[in-house]
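Here the structure comes first, spelled out in structure tokens, and everything after it is commentary.
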Amino acid sequence: MPSFRIWKGAGDDIEFGKNTVTRQLELFDRISSQENSRLELKLAAGGVPKSFWETYSAFANTEGGMIVLGVGENSNGEPVIEGLDDPSRYMQDILNTMRGEQKVSAQLLSNDSFEVYEYEAGRLVLFVDIPRASRDQRPVYIGRDPVGGTYRRMG
């Protein structure tokens, strides 16, 4: 079993216990599988990718989902864990961008939406839990155009 260390929210250590172990196994199991309607893997080597916001919109407009930064896919669609240098910078960038003028129509994330795991040799992976938007918040779109900026996750 890979070794993990977990932080939640603003970077506070979570006490190691049965619930933490269960959560670690659940999240590792998710990244061990291929992308699907509720999971998106992104390497994010140069910062938060532009496609993060399209996926944010798509998950918010359907059933919600998990975006994992620091994990990509090889040519066979299998996960490749590269990790991130500074996950707290990614979290802050996402929160600041989301709160910026007209980036997204609904601000669905908080510090509690983020979990960071250290995978094996110091590779840090950031999990971002995107909730389904409430009925009055949908459609969630990026930019100022609800037609061109709305995304939905299919299959």
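The numbers in the working numbering rise by one with no breaks, and the one at position 85 of the sequence shown is 88. For glycine and all other residues, C-beta sits at the position ideal for the given N, C-alpha and C. All values derive from a computational prediction rather than experimental measurement.
For this session: Note down the Cα distance separating residue 99 from residue 80, rounded to an integer number of angstroms.
Result: Each residue's alpha carbon lies about 31 Å from the other.
Problem set entry | residue 150 classed as buried or exposed, judged by whether at least 16 other C-beta atoms fall within 10 angstroms | exposed
For this session: Rounded to whole angstroms, what's the CA-CA distance from residue 138 to residue 130? Just pull it up for me.
Result: 25 Å
Exercise. Which residue or residues does DSSP assign as beta-bridge partners of residue 161?
Worked result: The question about residue 161 has no answer here: the residues shown for the chain are numbered 4 through 158.
Problem set entry | Buried or exposed by the 16-neighbour rule on C-beta atoms within 10 Å, applied to residue 45 | Around the beta carbon of residue 45, 16 or more other beta carbons sit within 10 angstroms, so the residue counts as buried.
For this session: Using beta-carbon positions only, say whether residue 142 and residue 111 come within less than 8 Å of one another.
Result: no
Exercise. Which of helix, strand or coil does DSSP assign to residue 98?
Worked result: helix
For this session: Grab me the residues of residue 12's own chain with a C-beta within less than 7 Å of its C-beta, minus the 5 sequence neighbours each way, in chain order.
Result: Note that residue 12 scores a pLDDT of 42, beneath 50, so its modelled location is shaky; the value from the coordinates is reported in the next line. 114, 115, 117.
For this session: Have a look at residue 154 and residue 49 and give me their C-alpha separation to the nearest angstrom.
Result: 24 Å
Problem set entry | Residue burial classification, residue 123 (beta-carbon count within 10 angstroms, cutoff 16) | With fewer than 16 other CB atoms across the displayed protein chains lying within 10 angstroms of its CB, residue 123 is exposed.
Exercise. In angstroms, rounded to a whole number, what distance separates the CA positions of residue 166 and residue 92?
Worked result: A question about residue 166 goes unanswered here, because the residues of the chain that appear run from 4 up to 158.
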